[in-house]
Amino acid sequence: MEKASAWMKHNGFQNVYQLNGGIIEYARQVNELGLENKFLGKNFVFDKRLGEKIGHEIISKCHQCGEPSDTHTNCANLACHLLFIQCAKCADKFKGCCCDSCTEISLYQRKNKKNSEKDLTLDARYLKREKDLNYFFKQQ
Numbered sequence: 165m166e167k168a169s170a171w172m173k174h175n176g177f178q179n180v181y182q183l184n185g186g187i188i189e190y191a192r193q194v195n196e197l198g199l200e201n202k203f204l205g206k207n208f209v210f211d212k213r214l215g216e217k218i219g220h221e222i223i224s225k226c227h228q229c230g231e232p233s234d235t236h237t238n239c240a241n242l243a244c245h246l247l248f249i250q251c252a253k254c255a256d257k258f259k260g261c262c263c264d265s266c267t268e269i270s271l272y273q274r275k276n277k278k279n280s281e282k283d284l285t286l287d288a289r290y291l292k293r294e295k296d297l298n299y300f301f302k303q304q
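For the sequence shown, the numbering used here begins at 165 and goes up steadily by one.
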């Protein structure tokens, strides 16, 4: 959050504060001292975990079905790799992908072990075209 607070200060916010040690240290102290946790939900982290529970509340929804979920997922289609929130049911249905097109491409990538830069570029072109067409037809 150091970047966020620096941005806020740069853009004129006056009362900007940071937790000493960050939110993870805050959660540790809350648990250790038996204090009331004022943090709602899950903290996003920039590593493989993608999130760490701080509170027990689920304050977000699956981007595909709208059910409560707080699990961040990187789309399994290597050409897409969109970061989004996905529930367990949709993760199973879409095989960890963000849409039907990505599921199809990802299954093809796995089957053919396609992961070269050339292959991903071709997949990305197909995916962009597919998503653009889907968006276009939804607007009609």
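Glycine included, each C-beta is placed from N, C-alpha and C at the ideal position.
First and last residue of the uninterrupted alpha helix (DSSP H) at residue i
i      : result
Asn276 : 264-276
Asn195 : 186-197
Ser169 : 166-174
Residue i versus residue j: straight-line alpha-carbon distance, rounded
i      : j      : result
Phe248 : Phe210 : 13 Å
Lys253 : Ala240 : 15 Å
Lys275 : Glu268 : 11 Å
Gly215 : Tyr181 : 22 Å
Ala170 : Lys257 : 41 Å
Lys173 : Arg192 : 27 Å
Leu199 : Ile188 : 14 Å
Boundaries (first-last residue) of the beta strand (DSSP E) holding residue i
i      : result
His236 : 236-238
Leu247 : 247-249
Beta-carbon proximity of residue i to residue j, cut-off 7 Å
i      : j      : result
Gly205 : Gly186 : no
Glu231 : Cys251 : yes
Asn238 : His245 : yes
Val194 : Asn201 : yes
Supposed contact pair residue j and residue i - C-beta distance, whole angstroms, cut 8 Å
i      : j      : result
Lys259 : Leu242 : Going by Cβ atoms, the distance from Lys259 to Leu242 rounds to 13 Å, so no, they are not a contact pair.
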